[in-house]
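UniProt numbering puts the sequence shown at residues 1 to 430.
The C-beta atom is built at its ideal place from N, Cα and C for all residues, glycine as well.
First the structure, in the form of structure tokens, and then the observations on it.
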Amino acid sequence: MIENERAALADSLWTATAHTAPDCPPLAGATEADVVIVGGGFTGLSAALHLAEAGQQVVLLEAETPGWGASGRNGGQVNPALKPDPDDLVARFGADLGRRMVARWGDGGRLVFDLIARHGIDCDARPVGFLRTATNTRGLAMLREIARQWRAHGANYEDLDAAETARLVGAEAYLGAVIDRRGGNIHPLNYALGLAQAAIHAGADLHGHSRAIGFEDEGTGVTVRTAQGQVKTRRALVCTNAYTGPFGGALGCSVVPVTSVQVATAPLSDNVIRGILPEDHAPTDTRRLIQYYRKTADGRFVMGGRGARGEAGTRRRQQELRQAAEALFPQLRAADWVHAWGGDVAMTVDSLPGLHRLSPNVMAGLGFNGRGVANATVMGTILADWALGVPEDALDFPVTPVRPIPFHSLRSAGVALTIGAYRLLDRLNR
Numbered sequence: 001m002i003e004n005e006r007a008a009l010a011d012s013l014w015t016a017t018a019h020t021a022p023d024c025p026p027l028a029g030a031t032e033a034d035v036v037i038v039g040g041g042f043t044g045l046s047a048a049l050h051l052a053e054a055g056q057q058v059v060l061l062e063a064e065t066p067g068w069g070a071s072g073r074n075g076g077q078v079n080p081a082l083k084p085d086p087d088d089l090v091a092r093f094g095a096d097l098g099r100r101m102v103a104r105w106g107d108g109g110r111l112v113f114d115l116i117a118r119h120g121i122d123c124d125a126r127p128v129g130f131l132r133t134a135t136n137t138r139g140l141a142m143l144r145e146i147a148r149q150w151r152a153h154g155a156n157y158e159d160l161d162a163a164e165t166a167r168l169v170g171a172e173a174y175l176g177a178v179i180d181r182r183g184g185n186i187h188p189l190n191y192a193l194g195l196a197q198a199a200i201h202a203g204a205d206l207h208g209h210s211r212a213i214g215f216e217d218e219g220t221g222v223t224v225r226t227a228q229g230q231v232k233t234r235r236a237l238v239c240t241n242a243y244t245g246p247f248g249g250a251l252g253c254s255v256v257p258v259t260s261v262q263v264a265t266a267p268l269s270d271n272v273i274r275g276i277l278p279e280d281h282a283p284t285d286t287r288r289l290i291q292y293y294r295k296t297a298d299g300r301f302v303m304g305g306r307g308a309r310g311e312a313g314t315r316r317r318q319q320e321l322r323q324a325a326e327a328l329f330p331q332l333r334a335a336d337w338v339h340a341w342g343g344d345v346a347m348t349v350d351s352l353p354g355l356h357r358l359s360p361n362v363m364a365g366l367g368f369n370g371r372g373v374a375n376a377t378v379m380g381t382i383l384a385d386w387a388l389g390v391p392e393d394a395l396d397f398p399v400t401p402v403r404p405i406p407f408h409s410l411r412s413a414g415v416a417l418t419i420g421a422y423r424l425l426d427r428l429n430r
């Protein structure tokens, strides 16, 4: 783990306001399980919970602590669908699988909020809908088309004009918006910690500070190794997303980590916060380098966005976000900005997650393109289905070979160039 990752986590608002984490001692020695899970973010925790509830003996190995990576650092928006539009999914995967994907993944918001309710997870859950705002006419047309397609598939998706958008945002900054009533927002780290506690209560064994360093699939079972121990298991699930590293061979080269950063104020007075986001939405806009923002339960304002590279670039991006927040809401100009942090999200070439069989008894799921709260939770249930014996062709997502991104070693330079181009295009299209 690199030093700036520790600094990013230390400065996180979510870490500062997190509940007490459950006890997850490091793995020591040899043990056995029905299923071993590598990675303690939303994907792994969702899989652990669903498998334990199905009566499986589950061991989860997390290199740090549950929710340490993007799961505990993101903006907390519950965006309840895959990134490609429904019509694209049906055209690409056929009427049967395509429609199953639309239904299963479009139901991600309900899954998240149902888990929160069923397990009593205290994470400031706000099922108020997912609001997307248009910064230009091209973006508004795109949002309208997305809403049209989802309504054709039965989703509660609404078009909003400029006046209604201004009312929900608290600022006249957008041409219009759409709202997906299936979504909302949460405290992401407390959601992860709640999933961890629920999995433990269901019987799963969770081990923190237990980095998996390799596995051997003997055909009849798998052995997953850490520096201090090993687990023999029937099946293994790899749920490491942007922090995969060398584990799983070429798996980490199938996604590109992109840094997303956030800044947050101290709690604001009522006269400052009252007119901002009156119904507690957490909007995301249509910029190429998206910006997203929200209020918290204790009256803070949080602003986030993509497009940082390196420590200096991260600090510059965080300052840009403070300035953007104050331009959108002038009442924030006197605010005290007390938190600044970041982390990596995993992007894929086709904007879809990857579900990859690494060996006969090892399956991986990763690459949520900035939509991990709902999508990673759904992926955990699909991985659990596979571990419970559901055939690959009956899963609600296609299993594909790992496809390393060409010239992956040059991704940092490529991402930096793309960020620069996107920043220029956002300014020109404003």
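Check                                                                                                                                                                            : Outcome
Helix, strand or coil for Ser260, going by three-state DSSP, please let me know.                                                                                                 : strand
According to DSSP, Trp337 sits in a beta bridge with which residue or residues?                                                                                                  : Thr265
Report yes if the C-beta distance between Cys239 and Pro404 is below 8 Å; otherwise report no.                                                                                   : no
Spatial neighbours of Pro188 within its chain, please: CB distance less than 8 Å, with the 5 preceding and 5 following residues excluded, ordered by chain position.             : Trp14, Gly67, Ser71, Gly72, Arg73, Asn74, Gly75, Gly76, Cys123 and Val373
By Cβ distance, which residues of its chain are closer than 7 Å to Val378, with the 5 residues on each side in sequence left out?                                                : Arg104, Trp105, Gly108 and Leu111
Can you give the beta carbon distance from Gly248 to Ala364, rounded, assuming they're within the 8 Å contact cut?                                                               : 6 Å
Any idea if Val349 is buried or exposed, counting beta-carbon neighbours within 10 angstroms, 16 or more meaning buried?                                                         : exposed
Spatial neighbours of Gly221 within its chain, please: CB distance less than 7 Å, with the 5 preceding and 5 following residues excluded, ordered by chain position.             : Lys232, Thr233, Arg234 and Asn361
Report yes if the C-beta distance between Arg24 and His201 is below 8 Å; otherwise report no.                                                                                    : The question names Arg, yet the displayed sequence has Cys at residue 24. No, the pair does not count as a contact, with Cβ atoms beyond the cut-off.
Would you call Gly369 buried or exposed, if buried means 16 or more other Cβ atoms sit within 10 Å of its Cβ?                                                                    : A quick correction: the sequence has Asn, not Gly, at residue 369. By the neighbour-count rule (16 or more Cβ atoms within 10 Å), Asn369 is buried.
May I have the straight-line CA-CA distance separating Ile186 from Thr381, to the nearest angstrom?                                                                              : 20 Å
Does the stretch 82-91 come into contact with the stretch 165-179, if we say contact requires no fewer than three beta-carbon pairs (one atom in each stretch) closer than 8 Å?  : no
Give the single residue among Ser12, Phe215, Arg148 and Arg144 whose Cα lies nearest to the Cα of Ile37.                                                                         : Phe215
Around the C-beta of Val390, are 16 or more other C-beta atoms found within 10 angstroms, so that it is buried, or is it exposed?                                                : exposed
What does the Cβ neighbour count give for Gln228, buried or exposed, with the cut at 16 atoms within 10 Å?                                                                       : exposed
Three or more C-beta pairs closer than 8 Å, one from the stretch 48-64 and one from the stretch 308-323: is that the case here?                                                  : no
If you check the beta carbons only, do Gly41 and Gly69 fall under 8 Å apart?                                                                                                     : yes
Going by the CB atoms, is the gap between Gly129 and Ile179 shorter than 8 Å?                                                                                                    : yes
By DSSP, does Leu424 sit in helix, in strand, or in coil?                                                                                                                        : With a pLDDT of only 42 at Leu424, under 50, the local geometry of the prediction cannot be trusted, and the value read off the model is given with reservation. Correct three-state label for Leu424: helix.
Helix, strand or coil: which one does DSSP assign to Gly75?                                                                                                                      : coil
Classify Leu237 as helix, strand or coil using the three-state DSSP reduction.                                                                                                   : strand
Quick check on the burial criterion: 16 or more other C-beta atoms within 10 angstroms. Buried or exposed for Asp336?                                                            : exposed
So, with DSSP's three-state summary, where would you put Ala33?                                                                                                                  : strand
Tell me which residues share the same chain as Arg250 and place their Cβ nearer than 8 Å to its Cβ, disregarding the 5 neighbours each side in the sequence.                     : Reading off the sequence shown, one finds Ala at residue 250, where the question assumed Arg. If we look at Ala250 and ignore the five residues flanking it on each side, its Cβ neighbours are Val402 and Pro404.
By how many angstroms is the C-alpha of Val78 removed from the C-alpha of Asn375?                                                                                                : 9 Å
For Ala141 versus Tyr174, is the C-beta distance shorter than 8 Å?                                                                                                               : no
Is the beta carbon of Pro80 sitting closer than 8 Å to the one on Arg182?                                                                                                        : yes
Should Ser210 and Pro26 be called a contact, given that it needs their Cβ atoms to be closer than 8 Å?                                                                           : yes
Is the CB-CB distance between Met347 and Leu321 below 8 Å?                                                                                                                       : no
Label Arg126 either buried or exposed according to how many other C-beta atoms from any shown protein chain fall within 10 Å of its C-beta, with 16 as the threshold for buried. : buried
CB Leu82 to CB Leu395, shorter than 8 Å?                                                                                                                                         : no
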